[in-house]
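Some notes on the structure that comes next.
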Amino acid sequence: MQIYNTLTKKKEEFLPLDPPNVTMYVCGPTVYDFFHIGNARTFIMSDMIRRYLIYKGFKVRFAMNITDVDDKIIRKANEEKISASEFSKKYAGEFLHDIESLKIKKADIYPYATEHIEEMIELIKDLEQKGVAYNIDGNVFYDVRKFSSYGKLSGKNIDDLESGARVEINESKKNPLDFSLWKKAKEGEPSWESPWGQGRPGWHIECSAMAMKHLGKSIDIHAGGSDLIFPHHENEIAQSEASTNCQFAKYWIHFGFLNIDNEKMSKSLGNFFTARDVLKKYSAETIRFFFAQTIYSGPLNFSDELLAAAEKGLEKLNNLVLHSLDYLKNLSSDAERSEFDFHKYYSDFEKAVDDDFNTPKGLAVIFEFIKDANKYIADHNSDKEFYTGIIEFLKKTAQDVLGILHIENLSQGKESDIEDALINLFLELRIRLKQEKQYQLADEVRDKLSKLGIQIQDSKTGSTYKKS
Ligand code: AMP
Ligand code: ZN
9 MQIYNTLTKK KEEFLPLDPP NVTMYVCGPT VYDFFHIGNA RTFIMSDMIR RYLIYKGFKV
69 RFAMNITDVD DKIIRKANEE KISASEFSKK YAGEFLHDIE SLKIKKADIY PYATEHIEEM
129 IELIKDLEQK GVAYNIDGNV FYDVRKFSSY GKLSGKNIDD LESGARVEIN ESKKNPLDFS
189 LWKKAKEGEP SWESPWGQGR PGWHIECSAM AMKHLGKSID IHAGGSDLIF PHHENEIAQS
249 EASTNCQFAK YWIHFGFLNI DNEKMSKSLG NFFTARDVLK KYSAETIRFF FAQTIYSGPL
309 NFSDELLAAA EKGLEKLNNL VLHSLDYLKN LSSDAERSEF DFHKYYSDFE KAVDDDFNTP
369 KGLAVIFEFI KDANKYIADH NSDKEFYTGI IEFLKKTAQD VLGILHIENL SQGKESDIED
429 ALINLFLELR IRLKQEKQYQ LADEVRDKLS KLGIQIQDSK TGSTYKKS
């Protein structure tokens, strides 16, 4: 397996530190709002990478941090006149909800920054003892000049950076590139006790402390959006390696931006759609299919037309599954043993995705398989093994790795469509009864549906229902 490593700037053979174990850390959200579909690209593509590693037989320990203390959180919480922790708890909950809706596997661990203050303080103390951090009046900074390989991830040179850096007024740092490890408490902000007085941690130290605590001093894969290469990941390396003296992460993976009109989708530009809103129109499978069509590292443009096209593309996949399930229920007695070569498609799929998680090529193999399997179905009267083989191939690749298929939902879907139509019929009937003032009968319909676990909710615009 080959992975493009941002650190070495080339594709490398994937050799984890302790096979078959793999540790993977992905920079997660700052929880001050619902996340947008650009963030979702990073979350979904890291999920596909994790799932592919599992497919390959690795035992993956996966962590994604939740940044629950930050300037934006504090500002928005103050605006809403609630505490920062109450505010961030709400959006952390929304984050986990949307992650589940996007069919992203739950992380083994979601470390929260505010629950690791002690570890961060220990790390800063260690950096201070080693002479790479300095305290100025309760503000602690990292001294980038003390870390000789500063810039190795982003390929930036300290001298060039320094000449371009702006020195902020009121900044007492030694060097404009030095970054905050600990920020002195300000009025109205959450703060913790520390050897440097009341304050809170800087953003970069959070990830170093949490990654090392949960995954160890050296981790296999560290990933995040490409906006994080500099300074966030560069600083994570500087902090962790100055403290431990070992390599912090062996492979660095960065996800390309999701753009709108060739501009990065971002909260600050206001050109975003929340994942939740997109999910109102398209299924998680469609959104994932749309992302899987482009290599994770390249840019990708977002548009409604592309999502609609993805939805259409998925029909072919779903139809083959539904067809095969139908055939399995109604096998003919004179079915023949099939000669269909499943092995070839598994091997092509692996060859494609082994090459730096190339999901578009993996999808091409799946669609080639769909085409060939459909042709084989038309020409042969095949037996149970053949149809089971189709379901199994699509389950292992499209469902388990890419998450663009959900066989159980699909097979239940047909039955639940009829169920929904019948319930709606009863709702219409009840409205007619009420219009004709037959209230007793209308209430009876409601009560009987309720006994079946179907709760009717009336509003000004009509009636809806909920299944319990
Ligand atoms: P944030 O909550 O803004 O810190 O972002 C959470 C994750 O989403 C980080 O790994 C970011 O790098 C990533 N991200 C932010 N915007 C985009 C985008 N437009 N496309 C892809 N990834 C993004
Ligand atoms: Zn991070």
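Remember, this note's numbering sits 8 above the position in the sequence shown when you count from 1.
For each residue, glycine too, the CB sits at the ideal point set by N, CA and C.
Shortest Cα-Cα distance from Lys114 to any of Arg153, Met72, Ile144 involves Met72. Distance from the CA atom of Asn267 to the CA atom of His240, rounded to whole angstroms, is 21 Å. Sorting Ile261, Phe280, His262 by C-alpha distance to the C-alpha of Asn270 places Phe280 at the top. Neighbourhood of ligand 2, defined by CB distance below 5 Å to any of its heavy atoms: Cys35, Cys215, in chain order. Sorting Glu102, Gly65, Ser54, Met53 by C-alpha distance to the C-alpha of Asp76 places Glu102 at the top. Scanning its chain for C-beta atoms nearer than 7 Å, with the 5 sequence neighbours on each side dropped, one finds around His222 the residues Ala71, Ile117, Pro119, in chain order. Below 8 Å, too few C-beta pairs join the region 342-353 and the region 435-444 to call them touching: fewer than three. Taking the Cβ of Phe155 as the reference point, every heavy atom of ligand 1 lies at 7 Å or farther away. Shortest Cα-Cα distance from Ser96 to any of Gly139, Ile112, Thr122, Lys111 involves Thr122. Residue nearest to Trp211 within the set Leu189, Asn47, Val361, Asp285 is Leu189 (criterion: CA-CA distance). In this structure, ligand 1 has a non-hydrogen atom nearer than 7 Å to the beta-carbon of Met273.
The beta-carbon separation of Ile129 and Ser202, rounded to 5 Å, stays under the 8 Å limit for a contact. Taking Asn253 as reference, the option from Ala92, Pro209, Ala193, Val140 with the minimal CA-CA separation is Val140. Per DSSP, the unbroken beta strand (DSSP E) holding Glu21 starts and ends at 18-21.
Not one heavy atom of ligand 1 lies closer than 7 Å to the C-beta of Leu104. Within 10 angstroms of the beta-carbon of Leu23 lie fewer than 16 other beta-carbons, which makes it exposed.
A check of alpha carbon separations from Thr31 across Lys225, Leu15, Thr14 identifies Lys225 as the nearest.
For the region 360-412, the continuous alpha helix (DSSP H) assignments of 4+ residues that do not extend past its boundaries occur at 367-387, 392-402, in sequence order.
Judged by their CB atoms, Ile374 and Phe357 are nearer to each other than the 8 Å cut-off. With distances taken between CA atoms, Tyr304 lies nearest to Ile261 out of Phe42, Tyr60, Ile261.
For the region 212-263, the continuous beta strand (DSSP E) assignments of 3+ residues that do not extend past its boundaries occur at 227-233, 257-263, in sequence order. Glu195 carries a coil assignment under DSSP once its states are collapsed to helix, strand and coil. Here Ile82 is not near Glu195, since their CB atoms are 8 Å or more apart. Exclusion of the five residues before and after Lys442 leaves Ala450 as the residues of its chain whose Cβ lies within less than 7 Å of its Cβ. Straight through space, the alpha carbons of Tyr33 and Cys215 are spaced by roughly 9 Å.
In this structure, Phe155 lies away from Lys181, with their beta-carbon atoms at least 8 Å apart. Ile90 and Leu104 have their C-alpha atoms spaced approximately 21 Å apart. Per DSSP, the continuous alpha helix (DSSP H) segment holding Val329 begins and ends at 312-337. By the neighbour-count criterion, in which 16 or more other beta carbons inside 10 Å mark a residue as buried, Asn338 falls on the exposed side.
If you draw a straight line from the Cα of Ala343 to the Cα of Asp363, it is about 39 Å long. Short note on Thr367: C-beta not closer than 7 Å to any heavy atom of ligand 1. Rounded to the nearest whole angstrom, the C-alpha separation of Lys18 and Ser274 is 28 Å. Shown here, Asn267 sits in a strand according to DSSP, grouped into three states.
Cβ-Cβ separation between Ala283 and Ala100: approximately 15 Å, too far for a contact (criterion under 8 Å). DSSP places Asn13 within a strand segment (E or B) once states are collapsed to three.
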